[in-house]
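Peer 1: Residue numbers (our numbering), protein chains in the order written: chain A, 26 to 605; chain B, 8 to 182.
Let me give you the structure first, and then I'll get to my questions.
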Amino acid sequence: MQILIAEDDQIARMLLQNTLKKRGYEVLCAENGRQAWELANTYTVNLLISDLDMPEMDGFDLCRKIRASSRDDYIYIIMLTALDDKSNLLRVFDSGADDYIPKPFDPEELEARIHTGVRVIALERGHKDLQRVIGSSRDKLRVILDSMNEEIVSVDRNLSIASVNKAFIRRQEVCFQDVIGQTITNMDSVFDDPSSRVQMVENIKSVFKTGEEKSENAVSGDAENERQYKELTFLPVKDSQNEVSQVVIVSRDVTEQRRKTMEIYDLNRNLRDALNQVNIKKQELEEAMAQLKLTQAQALQTEKMASIGQLAAGVAHEINNPTGFVSSNLNTLDEYQEDIDSLLKAYRELLTGLNKDVAKENLSSRIPAKIDRILDLEQEIDIEFVQEDIRDLIKDCREGTDRIKKIVLNLKSFAHPGEDKLVTRDISQGLESTLNMVNNELKYKATVTMDLGDLPEIQCYPQQLNQVFMNILVNAAQAIETHGEIKIMAEHVNGNVEIRISDTGSGISEENIPRIFDPFFTTKDVGKGTGLGMNIAYNIIKKHNGTIDVESTVGKGTTFTIKLPAGRIDDLKSGASNRT
Amino acid sequence: MNENLEELPMKKHTVLFIDDDEMILNAIKRALRNENYHILTATSGDRGLMLLKDHPVGLVICDYQMPGKSGLEVLKDVKRTYPRILTIMLTGQAEVNIAAQAINDCGVYKFILKPWEDADLKITIQRALESLDLIQERDHLLRKVQDRDMVLQNLEKKHPGISNVKRDEDGYIIG
Numbered sequence: 026m027q028i029l030i031a032e033d034d035q036i037a038r039m040l041l042q043n044t045l046k047k048r049g050y051e052v053l054c055a056e057n058g059r060q061a062w063e064l065a066n067t068y069t070v071n072l073l074i075s076d077l078d079m080p081e082m083d084g085f086d087l088c089r090k091i092r093a094s095s096r097d098d099y100i101y102i103i104m105l106t107a108l109d110d111k112s113n114l115l116r117v118f119d120s121g122a123d124d125y126i127p128k129p130f131d132p133e134e135l136e137a138r139i140h141t142g143v144r145v146i147a148l149e150r151g152h153k154d155l156q157r158v159i160g161s162s163r164d165k166l167r168v169i170l171d172s173m174n175e176e177i178v179s180v181d182r183n184l185s186i187a188s189v190n191k192a193f194i195r196r197q198e199v200c201f202q203d204v205i206g207q208t209i210t211n212m213d214s215v216f217d218d219p220s221s222r223v224q225m226v227e228n229i230k231s232v233f234k235t236g237e238e239k240s241e242n243a244v245s246g247d248a249e250n251e252r253q254y255k256e257l258t259f260l261p262v263k264d265s266q267n268e269v270s271q272v273v274i275v276s277r278d279v280t281e282q283r284r285k286t287m288e289i290y291d292l293n294r295n296l297r298d299a300l301n302q303v304n305i306k307k308q309e310l311e312e313a314m315a316q317l318k319l320t321q322a323q324a325l326q327t328e329k330m331a332s333i334g335q336l337a338a339g340v341a342h343e344i345n346n347p348t349g350f351v352s353s354n355l356n357t358l359d360e361y362q363e364d365i366d367s368l369l370k371a372y373r374e375l376l377t378g379l380n381k382d383v384a385k386e387n388l389s390s391r392i393p394a395k396i397d398r399i400l401d402l403e404q405e406i407d408i409e410f411v412q413e414d415i416r417d418l419i420k421d422c423r424e425g426t427d428r429i430k431k432i433v434l435n436l437k438s439f440a441h442p443g444e445d446k447l448v449t450r451d452i453s454q455g456l457e458s459t460l461n462m463v464n465n466e467l468k469y470k471a472t473v474t475m476d477l478g479d480l481p482e483i484q485c486y487p488q489q490l491n492q493v494f495m496n497i498l499v500n501a502a503q504a505i506e507t508h509g510e511i512k513i514m515a516e517h518v519n520g521n522v523e524i525r526i527s528d529t530g531s532g533i534s535e536e537n538i539p540r541i542f543d544p545f546f547t548t549k550d551v552g553k554g555t556g557l558g559m560n561i562a563y564n565i566i567k568k569h570n571g572t573i574d575v576e577s578t579v580g581k582g583t584t585f586t587i588k589l590p591a592g593r594i595d596d597l598k599s600g601a602s603n604r605t
Numbered sequence: 008m009n010e011n012l013e014e015l016p017m018k019k020h021t022v023l024f025i026d027d028d029e030m031i032l033n034a035i036k037r038a039l040r041n042e043n044y045h046i047l048t049a050t051s052g053d054r055g056l057m058l059l060k061d062h063p064v065g066l067v068i069c070d071y072q073m074p075g076k077s078g079l080e081v082l083k084d085v086k087r088t089y090p091r092i093l094t095i096m097l098t099g100q101a102e103v104n105i106a107a108q109a110i111n112d113c114g115v116y117k118f119i120l121k122p123w124e125d126a127d128l129k130i131t132i133q134r135a136l137e138s139l140d141l142i143q144e145r146d147h148l149l150r151k152v153q154d155r156d157m158v159l160q161n162l163e164k165k166h167p168g169i170s171n172v173k174r175d176e177d178g179y180i181i182g
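Printed below as a string of structure tokens:
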């Protein structure tokens, strides 16, 4: 603790010095204000005790000078005043002194006053330290704010700018002093667009009113490539009363971010497009795959039909040979039998004549015995029956060969390879031969009735139509569980040949009806049906420019109606389109 | 016996059947045994062609499908070697292309489908033989006419103008 004494009166100075030294203080002494000023600038002085009246520089001037100078430590100043002179007190404090002590001083009082000074000095020091800390932390904050890219500006209730950061100054190309105190709406460079200015003022006012944060996007610049996008955030700054005292506006340039977002958006869109393309391609592939599968299955079916046809033709040819000679031989046998019959007749006449007319005694004894033996034998083998039955037997055999001929004929007309040509034909023939073909399968299941009207000839592929009829008939038979009826009807209606095939089978459920012509749709057990029969039927009828429809009631039966145009079908093939 | 022989007309024609199936040949022989022609049979095309060398055959009836020479080949050979012989194809396959080939390449007279009706077979053979007779008759008459022509030509050479008769518009002989 260093105490400077400024006192022109030597005795008083010595007294002070001695008193203070005695109490343990370090003491500097000056004879006048000027000397004291120099000492205060040279040494570290904590407390100054100064007389008022001094030559060269009085106490007031010294005090003022010290207070005006900037120094690290606070100097506590105590003025020595004459006891009676109260008029100077105001001046004492006005000049910056902290206390006064009347002369002559009482040492105890001086000590008390010094103690107060020491306490104030300590307080001053603490205050100064605190201020330094606050200042440095504020500086640090400012450094941070200034280093930010975001433009930050704060305004008060009058929309005057209270503070800005370096980014703001840099962007707006203004200088700090010019900006502070300006009304923010006067800053032209901040707002290019008057409407956004209005918007901003509204936002600021709203934040002042509500005390809640707001944000908004703003655009500046006309040309697409010069356009700048900003994100404005309005933050309330509240005072101790929780009133909004300032609004801080943080303006962030999001042009680049926006550009990147747009880029990402574009990339995303491209990706999505590519993905869509991939999906479309995938779908196309799947469709192609399904089509391929269908074509393959249809090809297989066609191949099957063709090979059945080939087999049928081959078998027909092989059967024709034995049938030929058997039926011819039966013919000859019949003729032979006729000859034998007439011969036997002649023999029997002879026998009867011998037995009756000729006297037995005229014959040699062996003859009658032989005649008897023959008569016995005749009876034994029942020759009359045998003769008659042989003719029946031959008749039955010929019936058999006739049937074989018919089967072969049906087989040939049903499926004949290489004969699938567009011809003009009455379809009754096809219906009949198909029915004959599948009759074996039908006859134990159903009573089949066929009612064919007078039908016009139509252009068609007979073998293919036969296949349609066969598929429907076989399905009909399979739909019948024990025994039922199958009706085949055909008539000429409104220029169409209309064929209806109905059964009294189990019927098709409502949800299955729309699907029965779909490829691979089957209600039969796995492996029992390919699911192609009705699809092939549909496609064949389509190829004939015809229609095929189905009506069905579960438990009652099913009716298929096929309509084929009776007129010429031009360009049959190009008109065909498959149901897939 | 003698009476029978006199009743029946002389068997002047011979028909050759070729089929690899002997049962077919047997059946045909039986069916046609009372017909008015000789019947020869062969179980292959080559054997049939051999028979043709030694026998005066007028009609060959041949199966279409046979091992070795096919019916078409056999009938083609027959037509080439013996153009006067008539041919009939007996087949179990009623296919247009076979028929067209048989008619175009082999000059087949007729088709008979297996299985055949004996009555149809008999009639077809009868017709074929009749047409053979007609051809022979035609050739015979043609020869006769040619002979007469020759006589006339010779006469004309000796006595020019003798073969010409002048007539007026109404056909009356005028000189």
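The beta-carbon is built from N, C-alpha and C at its ideal position, and this holds for glycine as well.
Taking B/Asn-127 as the query, report the chain A residues whose CB atoms sit under 7 Å from its CB, ordered along the chain.
Peer 2: Counted from its first residue, the second sequence places residue 127 of chain B at position 120. According to the sequence as given, residue 127 of chain B is Asp; it is not Asn. Simply none; closest approach about 11 Å.
Peer 1: Roughly how far, in whole angstroms, is the beta-carbon of B/Leu-66 from the beta-carbon of B/Leu-128, given that I think they are within contact range, below 8 Å?
Peer 2: Within the second sequence, residue 66 of chain B is the residue found at index 59, counting from 1. Within the second sequence, residue 128 of chain B is the residue found at index 121, counting from 1. Between B/Leu-128 and B/Leu-66 the Cβ distance is about 12 Å, and since that is not below 8 Å, they are no contact.
Peer 1: Counting only beta-carbon separations shorter than 8 Å, does A/His-342 have a partner in chain B?
Peer 2: Residue 342 of chain A sits at position 317 when you count from the first residue of the first sequence. Yes, because at least one Cβ of chain B sits closer than 8 Å to the Cβ of A/His-342.
Peer 1: Using a beta-carbon distance cut-off of less than 7 Å, what residues from the stretch 108-136 of chain B approach chain A?
Peer 2: Taking 7 Å as the Cβ-Cβ cut-off against chain A, the residues of the stretch 108-136 of chain B that qualify are Lys-121, Pro-122, Trp-123 and Asp-125.
Peer 1: Cβ atoms of A/Ser-527 and A/Gly-571: under 8 Å apart, would you say?
Peer 2: Numbered from its first residue, the first sequence carries residue 571 of chain A at position 546. Numbered from its first residue, the first sequence carries residue 527 of chain A at position 502. Cβ atoms of A/Gly-571 and A/Ser-527: not closer than 8 Å.
Peer 1: Using a Cβ-Cβ distance cut-off of 8 Å, determine whether B/Gly-183 contacts chain A.
Peer 2: The displayed coordinates of chain B run from 8 to 182. Any statement about residue 183 of chain B would go beyond what the structure contains.
Peer 1: Closer than 7 Å by C-beta to B/Asp-53: which residues in its own chain qualify, once you throw out the five before and the five after it? Chain order, please.
Peer 2: To locate residue 53 of chain B, count along the second sequence from 1; it is residue 46. For B/Asp-53, where only same-chain residues beyond five positions count, the Cβ hits under 7 Å are Gly-75 and Lys-76.
Peer 1: Mind checking if A/Lys-567 is an interface residue toward chain B, Cβ cutoff 8 Å exclusive?
Peer 2: Working through the first sequence from its first residue, we reach residue 567 of chain A at position 542. A/Lys-567 does not count as touching chain B.
Peer 1: What number of angstroms, rounded off, separates the C-alpha of A/Leu-368 from the C-alpha of A/Glu-374?
Peer 2: Counted from its first residue, the first sequence places residue 368 of chain A at position 343. Counted from its first residue, the first sequence places residue 374 of chain A at position 349. For A/Leu-368 and A/Glu-374, the distance between alpha carbons rounds to 10 Å.
Peer 1: Alpha carbon to alpha carbon, how far is A/Lys-470 from A/Leu-436?
Peer 2: On the first sequence, position 445 is the one that residue 470 of chain A refers to. On the first sequence, position 411 is the one that residue 436 of chain A refers to. Rounded to whole angstroms, A/Lys-470 to A/Leu-436 spans 22 Å at the Cα level.
Peer 1: Taking any Cβ of chain B, which residues in the stretch 414-437 of chain A have a Cβ under 9 Å from it, in chain order?
Peer 2: Correct list: Thr-426, Ile-429, Lys-430, Val-433 and Lys-437.
Peer 1: Just how far apart, CA to CA, sit A/Pro-442 and A/Gln-489?
Peer 2: Along the first sequence, one-based indexing puts residue 442 of chain A at 417. Along the first sequence, one-based indexing puts residue 489 of chain A at 464. At A/Pro-442 the pLDDT is 49, less than 50, meaning the model places this residue with poor confidence and gives no usable figure here.
Peer 1: Taking the runs of the alpha helix (DSSP H) that are 4 residues or longer, which of them lie wholly in the stretch 457-544 of chain A?
Peer 2: Whole alpha helix (DSSP H) segments, 4+ residues: 487-504.
Peer 1: Just reading off the beta strand (DSSP E) that A/Thr-572 is part of, what are its end residues?
Peer 2: Against the first sequence, residue 572 of chain A aligns to sequence position 547. 572-578 is the span of the beta strand (DSSP E), which, as asked, contains A/Thr-572.
Peer 1: Our contact map puts A/Gln-362 next to A/Ile-415 with C-beta atoms below 8 Å; I'd like the distance itself, whole angstroms only.
Peer 2: Along the first sequence, one-based indexing puts residue 362 of chain A at 337. Along the first sequence, one-based indexing puts residue 415 of chain A at 390. With 8 Å as the limit, A/Gln-362 and A/Ile-415 qualify as a contact, their Cβ atoms being about 5 Å apart.
Peer 1: Skipping 5 residues on each side, what residues in its chain have a beta carbon closer than 6 Å to that of A/Glu-149?
Peer 2: What you label residue 149 of chain A is simply residue 124 of the first sequence in a count that begins at 1. Tyr-99.
Peer 1: Check distances from the C-beta atoms of the stretch 23-38 of chain B to those of chain A and list, in chain order, the residues that come in under 8 Å.
Peer 2: Answer in chain order: Asp-28, Met-30, Ile-31, Asn-33, Ala-34, Ile-35, Arg-37 and Ala-38.
Peer 1: For my contact list, A/Val-473 and A/Ile-524 are in at a C-beta cut-off of 8 Å; report their separation, rounded to the angstrom.
Peer 2: By one-based count along the first sequence, residue 473 of chain A stands at place 448. By one-based count along the first sequence, residue 524 of chain A stands at place 499. Not a contact, Cβ separation roughly 14 Å.
Peer 1: I want to see whether chain B comes within less than 8 Å of A/Ser-353, judged by CB atoms only; does it?
Peer 2: By 1-based counting over the first sequence, the position of residue 353 of chain A is 328. Yes, contact with chain B.
Peer 1: Our contact map puts A/Glu-249 next to A/Asn-228 with C-beta atoms below 8 Å; I'd like the distance itself, whole angstroms only.
Peer 2: Locating residue 249 of chain A in the first sequence gives position 224, counting from the first residue. Locating residue 228 of chain A in the first sequence gives position 203, counting from the first residue. Incorrect: roughly 26 Å between the Cβ atoms, too far for contact.
Peer 1: Does the Cβ of A/Asn-464 have 16 or more other Cβ atoms within 10 Å, making it buried, or fewer, making it exposed?
Peer 2: Taking the first sequence and counting its residues from 1, the one referred to as residue 464 of chain A is at position 439. Result: exposed.
Peer 1: At 8 Å on the CB atoms, spell out the chain A contacts of B/Gln-197, in chain order.
Peer 2: With chain B represented from 8 up to 182, any question about residue 197 of chain B goes unanswered, as that position is not in the structure.
Peer 1: Using a Cβ-Cβ cut-off of 8 Å (strictly less than) and excluding sequence neighbours within five positions of A/Ile-205, which residues of its own chain qualify?
Peer 2: Indexing the first sequence from 1 puts residue 205 of chain A at position 180. Ile-186, Ala-187, Ser-188 and Val-189.
Peer 1: Quick check on DSSP: helix, strand or coil for A/Arg-450?
Peer 2: As a first step, residue 450 of chain A is located in the first sequence; it is residue number 425 there, counting from the start. In the structure shown, A/Arg-450 sits in a strand (DSSP, three-state: E or B).
Peer 1: Any idea what DSSP makes of A/Met-26, helix, strand or coil?
Peer 2: As a working note, residue 26 of chain A is residue 1 in the first sequence. In this structure, A/Met-26 counts as coil in the three-state DSSP scheme.
Peer 1: For B/Leu-93, count the other beta carbons within 10 Å of its own beta carbon; 16 or more makes it buried, fewer makes it exposed. Which is it?
Peer 2: As a position in the second sequence, residue 93 of chain B is number 86, starting the count at 1. Label assigned to B/Leu-93: buried.
Peer 1: Quick check on A/Gly-582 - is its C-beta less than 8 Å from some C-beta in chain B?
Peer 2: Along the first sequence, read from residue 1 onward, the residue named residue 582 of chain A stands at position 557. Closer than 8 Å: no.
Peer 1: Which residue wins for smallest C-alpha separation from A/Ala-55, given the options A/Tyr-372, A/Arg-48, A/Lys-47 and A/Met-82?
Peer 2: Counted from its first residue, the first sequence places residue 55 of chain A at position 30. Closest by alpha carbon: A/Met-82.
Peer 1: Considering Cα atoms alone, identify which of A/Ile-432, A/Ile-91, A/Arg-283 and A/Asp-278 is closest to A/Ala-337.
Peer 2: Here the question's residue 337 of chain A lines up with position 312 in the first sequence. For the residues A/Ile-432, A/Ile-91, A/Arg-283 and A/Asp-278, the minimum Cα distance to A/Ala-337 belongs to A/Ile-432.
Peer 1: Specify the secondary structure class of A/Ile-344 as computed by DSSP and reduced to three states.
Peer 2: Taking the first residue of the first sequence as position 1, residue 344 of chain A is located at position 319. Three-state result, A/Ile-344: helix.
Peer 1: Would you say A/Gly-558 reaches chain B, if we count a Cβ-Cβ gap shorter than 8 Å as a contact?
Peer 2: On the first sequence, position 533 is the one that residue 558 of chain A refers to. Output row for A/Gly-558: interface = no.
Peer 1: When the cut-off is 8 Å and only beta carbons count, does A/Gly-509 lie next to chain B?
Peer 2: Here residue 509 of chain A refers to the residue found at position 484 when the first sequence is read from its first residue. It does not: the Cβ of A/Gly-509 has no partner Cβ on chain B nearer than 8 Å.
Peer 1: How far does the alpha helix (DSSP H) with A/Asp-397 in it reach, from first residue to last?
Peer 2: Walking along the first sequence from the start, residue 397 of chain A turns up at place 372. Taken as a continuous stretch (DSSP letters only), the alpha helix (DSSP H) holding A/Asp-397 covers 391-406.
Peer 1: Please work out which residues of its chain come closer than 6 Å, Cβ to Cβ, to A/Asn-295, disregarding the five sequence neighbours upstream and downstream, and give them in chain order.
Peer 2: The residue labelled residue 295 of chain A in the question sits at position 270 within the first sequence. Once the five neighbours on either side are set aside, A/Asn-295 has no close Cβ partner at all.
Peer 1: Let me check understanding here. Comparing Cα to Cα, which of A/Ile-429, A/Asn-71 and A/Gln-271 lies closest to A/Ile-344?
Peer 2: Sequence index remark: in the first sequence, residue 344 of chain A carries index 319 (1-based). Among A/Ile-429, A/Asn-71 and A/Gln-271, the Cα nearest to that of A/Ile-344 is on A/Ile-429.
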